[in-house]
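Chains as they are written, first to last, in UniProt numbering: chain A, 1 to 360; chain B, 1 to 316. Glycine included, each C-beta is placed from N, C-alpha and C at the ideal position. Below is one structure, written out as structure tokens; comments come after it.
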């Protein structure tokens, strides 16, 4: 197999607070290849957004205390801000939740896309006066071209009458149109990796399906690798090739979507699935997970889910939990697996985990 | 903004201006002192005029008519561009204003420029690194700027820059070099207010999600700040800059006196001391009109700055 596009290995991200050190991401490892959509699934507080932030370091991700993030051979955890900025303009794009907030209200949509095109072209030679549009300093033909490209991108996002829409302002767009415009901004730089943090959470179901379909076609047509962060199992099921289930900043279970969702081996994944409306018969009460998410202050001894897990034993709360391989590519961090379940399974334990944990 | 709303706005403006003129004219009547007596005393070289002479002067100048009649006469003249005659010189008030106005406009524009040129970069520098030394320095500067009275700063600048360093002339209004100290005096106080506002507005805006989007595009931080953030932070700033115009005109009164610049401020002060009512009324009315028109322009600027702002009542 060729090298993955993005490789995150044993990532530890921490926040120093008054109450102690919060271990938001606590030894997470995963990869994203070109042309695949990897879902990161977890409740709020599971560390999924901090994981995304640690990769692109747009917002203060906290302190990256250990591990590596490698993107096309470039180590991102120690990269200079200028390197990261260049990557953002060319290789890594991001789409965020709530498209009402993510576009600048005072500039026309087309201008914001054209800007991304110009950034991609000019890169380190971005001049303030050129971008401010001060007449003698603005490269007019380049901006005209960029604006044409913006119209093209809006068209590719199936925005009706893209030419006239490109001069409209974000508040004149509906939520779905806005998120498509946000996608157009993200694609203007022809990225190889797209990080989407809850891109459909603020949208209604039809619009959500439309945006997810677009992500799949990006994967198929442009060979983009996509890291999709969500708390919605339905989104994972519809969209992703592989899924990583995060809890307490640790990977609980990871593998191909159809295997993880149809044959979950980790008690946490099972409880998430049990809470899903789609898996509830009509008339039946929707399950809700017992207890609260683990307090990540000062990290976890043993399995972070142990306090809410009905299979937990004393061993779960003590030592490090080894990662086992249930079947090829289906990884799992649970001492108690295989669980008494409806389905028969025979996982095999494998050697120490990358973070140096020992096998029992 | 469509025609209907524009006309509605203009109508409101007309009502406000009517009120301004009424108050301007009326205030003279409630202030103590009899203009006829004052003027005649002046003309007779300090001698007290006879009662008959005072009466005669009143009739000649229409001062014995009831208030509404006097007001209507004055207003009719004003609408024809005639602000009346000064009691003391034979000049028309409009001519006196026209003579002094360029100096005051120059002072207003120059001090606004000083304020903006200092305030916007200082406010941004503060907001970009809140809690940094730059931030503290800028905030301390703003505090000093706000706390310092104009007349005091004016004299301080005269002492330091004119008398000690001999950089600029002390007083007068002969050339651009005469403008520097008055503009600095008047501009620094405004700069302080505007800088604080820019800081607050920028801090607010820099947290918004679209700033993160701009950064996620790989945009240089400078462009993120000066294009994406500043443009959004400008709406409250423009409001205050508009309101500060009244401060400029008020401040001009003090600053022009300190630097002995012939302008509207000195004209007004002299007229008040001399009870030269036509001049006081003319200048006050002009200041009122400038203020109302400025606010109107500020309102128009909003929708240019932020496309989401529609004028009141407009269907979206």
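Between which two residues does the alpha helix (DSSP H) holding residue i run?
{"i": "residue 43 of chain B", "result": "35 to 43"}
{"i": "residue 115 of chain A", "result": "109 to 122"}
{"i": "residue 70 of chain B", "result": "67 to 79"}
{"i": "residue 270 of chain B", "result": "264 to 274"}
{"i": "residue 190 of chain A", "result": "Segment: none, residue 190 of chain A is in no alpha helix (DSSP H) and carries neither H nor E."}
{"i": "residue 236 of chain A", "result": "233 to 239"}
{"i": "residue 209 of chain B", "result": "209 to 216"}
{"i": "residue 180 of chain B", "result": "180 to 206"}
{"i": "residue 277 of chain B", "result": "277 to 305"}
{"i": "residue 206 of chain A", "result": "205 to 222"}
Check this for me: beta carbons of residue i and residue j, under 8 Å apart or not?
{"i": "residue 236 of chain B", "j": "residue 209 of chain B", "result": "no"}
{"i": "residue 149 of chain A", "j": "residue 117 of chain A", "result": "yes"}
{"i": "residue 214 of chain A", "j": "residue 183 of chain A", "result": "yes"}
{"i": "residue 268 of chain B", "j": "residue 280 of chain B", "result": "yes"}
{"i": "residue 193 of chain A", "j": "residue 225 of chain A", "result": "yes"}
{"i": "residue 305 of chain B", "j": "residue 283 of chain B", "result": "no"}
{"i": "residue 130 of chain B", "j": "residue 230 of chain B", "result": "no"}
{"i": "residue 98 of chain A", "j": "residue 202 of chain A", "result": "yes"}
Using a C-beta to C-beta distance shorter than 9 Å, which residues of chain A count as neighbours of residue i?
{"i": "residue 197 of chain B", "result": "Per Cβ cutoff of 9 Å: no residues; residue 197 of chain B is ~18 Å from chain A at best."}
Could you name the residues of chain A that residue i contacts, counting a contact when the two beta carbons are closer than 7 Å?
{"i": "residue 299 of chain B", "result": "Those within 7 Å of residue 299 of chain B in chain A number zero; the least Cβ separation is about 17 Å."}
Which chain B residues sit within Cβ distance under 9 Å of residue i?
{"i": "residue 44 of chain A", "result": "Correct list: empty, because the minimum Cβ distance to chain B is about 18 Å."}
{"i": "residue 136 of chain A", "result": "None at all; the shortest Cβ gap to chain B is about 17 Å."}
{"i": "residue 98 of chain A", "result": "209"}
{"i": "residue 185 of chain A", "result": "213, 216 and 217"}
{"i": "residue 128 of chain A", "result": "220, 222, 223, 226 and 227"}
{"i": "residue 169 of chain A", "result": "307 and 308"}
Give the residues of chain B in contact with residue i, contact being defined as C-beta atoms less than 8 Å apart.
{"i": "residue 56 of chain A", "result": "216"}
{"i": "residue 30 of chain A", "result": "Going along chain B, no residue has its Cβ under 8 Å from residue 30 of chain A, so there is no contact; the nearest lies around 21 Å."}
{"i": "residue 175 of chain A", "result": "What residue 175 of chain A touches in chain B: nothing, since even the nearest Cβ is about 14 Å away."}
If you measure from the CB of residue i, is any heavy atom of the ligand SAM nearer than 7 Å?
{"i": "residue 100 of chain B", "result": "As for the ligand SAM, it is missing from this structure, which has no ligand bound."}
To the nearest angstrom, report how far apart residue i and residue j are at their CA atoms.
{"i": "residue 82 of chain B", "j": "residue 93 of chain B", "result": "8 Å"}
{"i": "residue 343 of chain A", "j": "residue 271 of chain A", "result": "Its pLDDT being 41, under 50, residue 343 of chain A is placed unreliably by the model, and the measurement read from it follows with that caveat. Their backbone Cα atoms lie some 16 Å apart in a straight line."}
{"i": "residue 25 of chain B", "j": "residue 135 of chain A", "result": "48 Å"}
{"i": "residue 7 of chain B", "j": "residue 108 of chain A", "result": "28 Å"}
{"i": "residue 211 of chain B", "j": "residue 235 of chain A", "result": "27 Å"}
{"i": "residue 20 of chain B", "j": "residue 56 of chain B", "result": "31 Å"}
{"i": "residue 285 of chain B", "j": "residue 193 of chain B", "result": "27 Å"}
{"i": "residue 307 of chain A", "j": "residue 250 of chain A", "result": "15 Å"}
{"i": "residue 167 of chain B", "j": "residue 116 of chain B", "result": "23 Å"}
{"i": "residue 90 of chain A", "j": "residue 221 of chain B", "result": "16 Å"}
{"i": "residue 307 of chain B", "j": "residue 233 of chain B", "result": "14 Å"}
Identify, in the order they occur along the chain, each residue of the same chain with its Cβ nearer than 7 Å to the Cβ of residue i, setting aside the five sequence neighbours on each side.
{"i": "residue 354 of chain A", "result": "At residue 354 of chain A, the pLDDT of 42 sits below 50, so the modelled position is not reliable; the number obtained from the coordinates is stated separately. Within the same chain, residue 354 of chain A has close Cβ partners 9, 10 and 29."}
{"i": "residue 318 of chain A", "result": "301 and 302"}
{"i": "residue 168 of chain A", "result": "108 and 109"}
{"i": "residue 185 of chain B", "result": "150, 153, 154, 157 and 255"}
{"i": "residue 112 of chain A", "result": "103, 104 and 185"}
Residue i versus chain A: which residues are under 8 Å apart at the beta carbon?
{"i": "residue 210 of chain B", "result": "101, 102, 103, 104 and 105"}
{"i": "residue 305 of chain B", "result": "106"}
{"i": "residue 232 of chain B", "result": "104, 105 and 106"}
What residues in its chain sit with their C-beta under 8 Å from that of residue i, if we drop five residues either side in the sequence?
{"i": "residue 65 of chain A", "result": "12, 13 and 14"}
{"i": "residue 16 of chain B", "result": "292"}
{"i": "residue 155 of chain A", "result": "162"}
{"i": "residue 77 of chain B", "result": "83 and 84"}
{"i": "residue 70 of chain B", "result": "25, 62 and 63"}
{"i": "residue 181 of chain B", "result": "154, 157, 158, 161, 162, 168 and 259"}
{"i": "residue 257 of chain A", "result": "39, 236, 237, 240, 241, 242 and 243"}
Which first and last residues belong to the beta strand (DSSP E) in which residue i is found?
{"i": "residue 121 of chain B", "result": "Element bounds for residue 121 of chain B: not the beta strand (DSSP E) but the alpha helix (DSSP H), 93 to 128."}
{"i": "residue 17 of chain A", "result": "6 to 17"}
{"i": "residue 256 of chain A", "result": "250 to 256"}
{"i": "residue 87 of chain B", "result": "Where residue 87 of chain B is concerned, there is no enclosing beta strand (DSSP E), given that its DSSP letter is neither H nor E."}
{"i": "residue 330 of chain A", "result": "330 to 332"}
{"i": "residue 326 of chain A", "result": "324 to 327"}
Might you give, ordered along the chain, the residues of its own chain that have their beta carbon closer than 6 Å to the beta carbon of residue i, omitting 5 neighbours on each side?
{"i": "residue 9 of chain B", "result": "none"}
{"i": "residue 41 of chain A", "result": "236, 243 and 245"}
Find the residues of chain B that neighbour residue i, judging by a C-beta separation of less than 7 Å, and give them in chain order.
{"i": "residue 119 of chain A", "result": "217, 218 and 219"}
{"i": "residue 94 of chain A", "result": "216"}
Task: Near-chain C residues of the region 212 to 225 of chain B - C-beta to any C-beta below 9 Å - done: Of the protein chains in the structure, A and B, none is chain C.
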